[in-house]
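Note that the protein sequences, when read in sequence, are chains A and B. Note that UniProt numbering has the first sequence beginning at 1, numbered continuously upward. Note that UniProt numbering has the second sequence beginning at 1, numbered continuously upward. Please read the structure below before turning to the comments.
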Amino acid sequence: MIEVTSVSMRYGAFQALDDVSFTARPGRVTGFLGPNGAGKSTTMRVVVGLTPPTAGYATVGGRRYADLPNPGREVGVLLDASAQHAGRTGREVLTIAQRTLGVPAGRVEAMLDLVSLTRAEAGRRVRNYSLGMRQRLGIATALIGDPSVLILDEPANGLDPAGIRWMRDLLRDYADRGGTVLLSSHLLHEIEVVADDLVVIGHGRIIAQGAKEELLAAAGTLVRTPEVATLAQALADAGLVAHACGPDALRVEGDPRHVGLVALTAGVPLEELRPAEGAGLEEMFLELTSDSQRDTTPEGAAA
Amino acid sequence: MTTSTTVPVPSTRTTLDHVSTLGRDAATRPTAYAPIPFGRILRIELRKMFDTRSGFWLLASIGITSILATAAVIAFAPDSSITYEAFGTAIGFPMSVLLPVIAILSVTSEWSQRTGLTTFTLVPNRSRVIGAKLVASVAVGVVSMLLAFGIGAVGNVVGSAIAGVDTTWNISFVQLGTIILANVLGLLTGFMLGILIRSSAGAIVGYFVYSFVLPTLTSILAASQHWFSDIRHWVDFQDNQTALFDATAMRAADWGYLAVTGLVWLVLPLAVGLWTMRRSEVK
């Protein structure tokens, strides 16, 4: 169980995190979604005590991370797979973690097997590793202490499709056994497949959170028409809230049947009418974070 | 039953079975863990000083430069100069450069190689990690000095035999101790700069400024300005250290000067560095 409570982080005039609160529960994979620079990594660093927050606090299993007597036994952390000494071998990196945590030496080989790094690869220096191999080594380091909580920042980066599939199955299995997984990504499809709960962050603020199904249901109805303005007015008259969704579409907070009825009454031709769920998480994500995206807002350059 | 080609689907459940007690042994999973003992962190930090190629060769270079310096004395020094002090002086210079660099890198590599992300996640109490690095660095420094003196002693025996002169042991044990102390102070200066600056290049440059540029400036100042020459004992840490190389000249007052300047130039900035480092972000 990871609990983040009202965490704010300020760098001078820049508000990196603004009153961030969420919970990652045991037995569930919590996907932490957000565009680049939204504050995902900063939040995770706050949770493991690497970044002191300006306000608020975070706990893991009810205690502050820094108060855990041997944190690696309870929480597996992978924040940046590239953050390894280039001159150490993969096996040495694991051995250092194994000795620090005080777990049996056999864990090193067991973890190498788990992440499919061969003996020869483990003997090579990390500078010669691909990003995918570094991610596997990072996962091995995170799991070596047999923790019940996993905190992983963009673990799918650099993995090939088979590796991504492997990672997804591993995290699913881990959560099914009762483990807590907090997993960040800016890749929507990756999160959509594996996550049970979602926490969406943009510009340092939590924009949406909850069970994946609930969030998708809340996404409402997607309707496409050449007469957007007319339909928007008709929907407003009917008391429905509609959001612009591209030049010829609206996302309506209501079910398709209701929206179709309003369009029929208003005599507006429809090109498409469907639950927004079918559009997948991406549309919801883009919608939710549209004002946090640096591509669409010039002031986003401050991030 | 259809006999289409079966693609073997590896069961992920079995893979975690070997490495995770989650769900499987709920009852046997410990609920409380013992804190990581300091001795374990110390052994890890010592190991990290040797386990990279650069670290290994840096430490090996202590032995190598000691042997080279010893050989140079035997080859080039006039017969009358074949004394233990000559060997000690020749070996001392590379040591005064190498030991601080070893101490600096033990600290700054956590930032420059970004291993701190893992180190300070596994051991969140940064003071314990830094404390372990301090003990490990001083231990390596003292052992290196003893090794260097040993190599110098062999050189002295061999060199005097080759030159056909009596073997001269003109460094007392007290002097050996103060020379080791001087080198440990240099190592600690590097360590302090590593913690304060947290960048390998910056700290190494800082060390050379501290140990070679500043003393030159204070020497010039002392030679030209009478008032500075009078108070120099109270401000010049490096000058006070050089007195350690001639222990017989160390009087009680000199130890006092060394302590006062050491407090200002070493302990105080070390405290500031530790204070800022404990609050800094590890990225």
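For glycine and all other residues, C-beta sits at the position ideal for the given N, C-alpha and C. Every value quoted in this text rests on a predicted model; they were computed, and no experiment measured them.
Contact check for Met9/A against Thr54/A passes: the beta carbons are separated by less than 8 Å.
Listed along chain B is no residue with a C-beta nearer than 9 Å to that of Asp18/A; the closest approach is about 18 Å. Annotation: Cβ neighbours of His18/B in chain A (cutoff 8 Å, chain order): Ala110, Asp113, Leu114. Below the 7 Å Cβ cutoff, chain A contributes Leu50 as neighbours of Phe120/B, in chain order. DSSP links Ser185/A through a beta bridge to Leu33/A. Contact residues of the stretch 98-121 of chain B toward chain A are Ser109, Gln113, Arg114, Thr115, Leu117, Thr118, Phe120, Thr121 (C-beta to C-beta distance below 7 Å). By the neighbour-count criterion, in which a residue is buried when 16 or more other Cβ atoms sit within 10 angstroms of its Cβ, Val29/A is buried. Interface criterion not met: the Cβ of Lys133/B is under 8 Å from no Cβ in chain A. Inside the stretch 31-74 of chain A, DSSP marks whole beta strand (DSSP E) runs of 3 or more residues at positions 55-60, from first to last along the chain.
Scanning its chain for C-beta atoms nearer than 8 Å, with the 5 sequence neighbours on each side dropped, one finds around Met277/B the residues Arg126, Ile130, Ile195, Arg198, in chain order. Under the three-state reduction of DSSP output, Gln233/A falls in the helix class.
Three or more Cβ pairs closer than 8 Å define a contact, and the stretch 146-153 of chain A meets that threshold against the stretch 70-90 of chain A. Within the stretch 117-157 of chain B, no run of beta strand (DSSP E) at least 3 residues long lies entirely inside it. Segment contact: the stretch 48-61 of chain B against the stretch 103-122 of chain B, three or more CB-CB distances shorter than 8 Å; contact assigned. Cβ neighbours of Asp255/A within its own chain (closer than 7 Å, five residues either side excluded): Thr221. With a threshold of 8 Å between beta carbons, Pro69/A makes contact with chain B.
Counting every other CB atom within 10 Å of its CB across the protein chains shown gives Phe32/A a total of 16 or more, marking it as buried. Where Gly177/B is concerned, the enclosing alpha helix (DSSP H) starts and stops at 173-197.
About 7 Å separates the Cβ atoms of Val142/B and Val184/B, confirming a contact at the 8 Å cut-off. Cβ atoms of Phe237/B and Trp255/B stay farther apart than 8 Å, at about 13 Å. For Pro147/A, no alpha helix (DSSP H) run applies, since DSSP gives it neither H nor E. As DSSP reads the structure, Glu272/A sits in a beta bridge with Arg224/A.
Remark: C-beta atoms of Leu17/A and Gly34/A do not approach each other more closely than 8 Å. With a cutoff of 8 Å on beta-carbon distance, Leu42/B and Ala132/B are scored as near each other. Under the 8 Å criterion on CB atoms, Gly179/A is classed as interfacial with respect to chain B. In this structure, DSSP gives His243/A an extended state, which the three-state scheme calls strand.
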